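2 protein chains.
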Amino acid sequence: MIVLDKKRDAIIEGAIKRFIHYGIQKTTMNEIAEDLSVSKPSLYYYFPDKSSLIEGVIEKIFADYFEVVEKDLYTDISLDERLNIFIEVRFKFFQKYYMLHLSGSSPDASLNSDELKAKFMGMKKKNIDMHVDIFRKAMEKGEIAALDLEKTAELYLESLMGITSLCIMHGNKELFPSKKDMKIMLDKQLSLSRIFIKGLK
Amino acid sequence: MIVLDKKRDAIIEGAIKRFIHYGIQKTTMNEIAEDLSVSKPSLYYYFPDKSSLIEGVIEKIFADYFEVVEKDLYTDISLDERLNIFIEVRFKFFQKYYMLHLSGSSPDASLNSDELKAKFMGMKKKNIDMHVDIFRKAMEKGEIAALDLEKTAELYLESLMGITSLCIMHGNKELFPSKKDMKIMLDKQLSLSRIFIKGLK
DNA sequence: CTTTTGACCATTGAAACAAAAAAGTCAGAA
DNA sequence: TTCTGACTTTTTTGTTTCAATGGTCAAAAG
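Top to bottom, those sequences are chains U and F.
Start counting the first sequence at 4; every next residue gets the next number (the working numbering).
Start counting the second sequence at 4; every next residue gets the next number (the working numbering).
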């Protein structure tokens, strides 16, 4: 069973490599198989279909994300600092996995099945919940005023995501946003976050 | 000359009626002509091409928008109140002209020519400038702290626009966002605006 | 019994082309 | 100066074709 999981993980990592470079739609199961020097049916032995593989990929990426952010979750820093760190972590993931289009509210067009959408929404929910906890602790510490935690956390994340969304749309000339646009986006998110948090005091 | 302008305006209004219902792309010059009981070459007598007509339409709509918001511009109300009014005015325009997709950072796909994009960006710039003025006055009154007006006004509008953008993407099931989603979007914008302005104090 | 494969099928998606519709033009009438 | 019917050119749309891709299966390998 452990070996089986290892192979599963190897396939997922191989898929991620392709996805990062060519995107989900432009990556074929054959290519993933060839990269790993196995036959296509082998892939289908571990994953019933392409959707399941994509699901595994999403799980992996979000697991990595949560691992990174939860590491800093219990350090004693100010709310502002903590959220700045989170914004920068998300920014790194955004850049790395840009071709998977996991950032917008609506995920990649490849995420067509209901299961995938549900998985994706589940991950987003977990992220909101984490921010609710962060805001709760900040509230208990008196860093921010009493408020509707759920609603506020959602609005906070959505406002940041909105900036990302506009950034992507704006630079619709190229396939990939320029480093410059990326930097501008990050700065805007940091500025907005600072103002937003100040507005909660 | 006045008669000529009158006909021009009539054509623009006829075009707007079609655009509101079917969108820019699905409206043909023939249909606009037929609605007005004139021939197509008559349209081309007043507008060299379809882009010019669209340009006229955009000018008209934004002229209406600025007329409405500038009316309240010199009343003596709080920054919060003023911005809430503006959000609701923009919301009404967003609903009314939804099919023209004039809301996002990137306008409708129909706005393909460089002139149209320039015109559209010019309108957006004027809106930012107006908000810069509003923020300046608020700053002079001591309603908000000293800050980079241009940058702040842009960030403010962009964060609101981001909410709109996500709202549109989210409800990609239907052609038109539901009244419910619209209401949620409006509420989010009002909440975000309140927090944002408080964060500027 | 678990894992892997070559050969196969069914569907999707892109390329090429034809048909339709739209944008845009022009000589000439009102 | 303003407008039109008839026309040309360009774009969009529909269709056919065919290769590429997702997915299956019986049988082999370990």
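Glycine included, every Cβ here is placed at the ideal spot set by N, Cα and C.
All values derive from a computational prediction rather than experimental measurement.
- C-alpha of THR78 (chain U) to C-alpha of GLU16 (chain U): approximately 31 angstroms in a straight line.
- Rounded to whole angstroms, the separation of the alpha carbons of LEU119 (chain U) and ARG11 (chain U) is 18 angstroms.
- Rounded to whole angstroms, the gap between the alpha carbons of ILE200 (chain F) and LEU46 (chain U) is 53 angstroms.
- About 19 angstroms separates the CB atoms of SER194 (chain F) and GLU146 (chain F); that is not less than 8 angstroms, and the two are not in contact.
- Spatial neighbours of VAL71 (chain F) in its own chain (CB-CB distance under 7 angstroms, excluding positions within 5 residues in sequence) are listed in chain order as VAL92.
- A distance below 8 angstroms separates the beta carbons of GLY26 (chain U) and LEU103 (chain U).
- Taking the Cβ atoms as the reference, ILE131 (chain U) lies roughly 5 angstroms from ALA156 (chain U), within the contact range of under 8 angstroms.
- Taking a Cβ-Cβ cut-off of 8 angstroms, the neighbours of SER194 (chain F) in chain U comprise LYS154, LEU158, given in sequence order.
- Between the alpha carbons of TYR49 (chain U) and THR30 (chain U) lies a gap of roughly 18 angstroms.
- If the five residues before and after ASP184 (chain F) are omitted, its C-beta is found closer than 8 angstroms to the C-beta atoms of CYS170, HIS173, GLY174, all from its own chain and listed in chain order.
- Excluding five sequence positions before and after ILE90 (chain F), the CB atoms of its chain that fall closer than 8 angstroms to its own CB belong to LEU163, LEU189, GLN192, LEU193, SER196, given in chain order.
- Taking C-beta atoms under 8 angstroms as the contact rule, MET126 (chain U) and ILE61 (chain U) qualify, at a distance of about 7 angstroms.
- Contacts between ILE166 (chain U) and chain F, judged by CB atoms closer than 7 angstroms, involve GLU161, SER162, GLY165 in chain order.
- The beta carbon of PHE179 (chain U) sits closer than 7 angstroms to those of TYR101, all from its chain and outside the five residues before and after it, given in chain order.
- DSSP places ALA156 (chain U) inside the alpha helix (DSSP H), whose first and last residues are 152–173.
- If you ignore the 5 residues before and after ALA18 (chain U), its C-beta comes within less than 6 angstroms of the C-beta of ILE35, LEU56, VAL60, all in its own chain and listed in chain order.
- Boundaries of the alpha helix (DSSP H) around ASP67 (chain U): 53–74.
- Annotation: ARG139 (chain F) to ILE14 (chain U) spans about 57 angstroms, alpha carbon to alpha carbon.
- Using a Cβ-Cβ cut-off of 8 angstroms, PHE199 (chain U) counts as an interface residue toward chain F, since at least one Cβ of chain F sits closer than that to its own.
- Within its own chain, the residues whose Cβ lies closer than 8 angstroms to the Cβ of GLN98 (chain U), once the five positions on either side in sequence are excluded, are MET185, listed in chain order.
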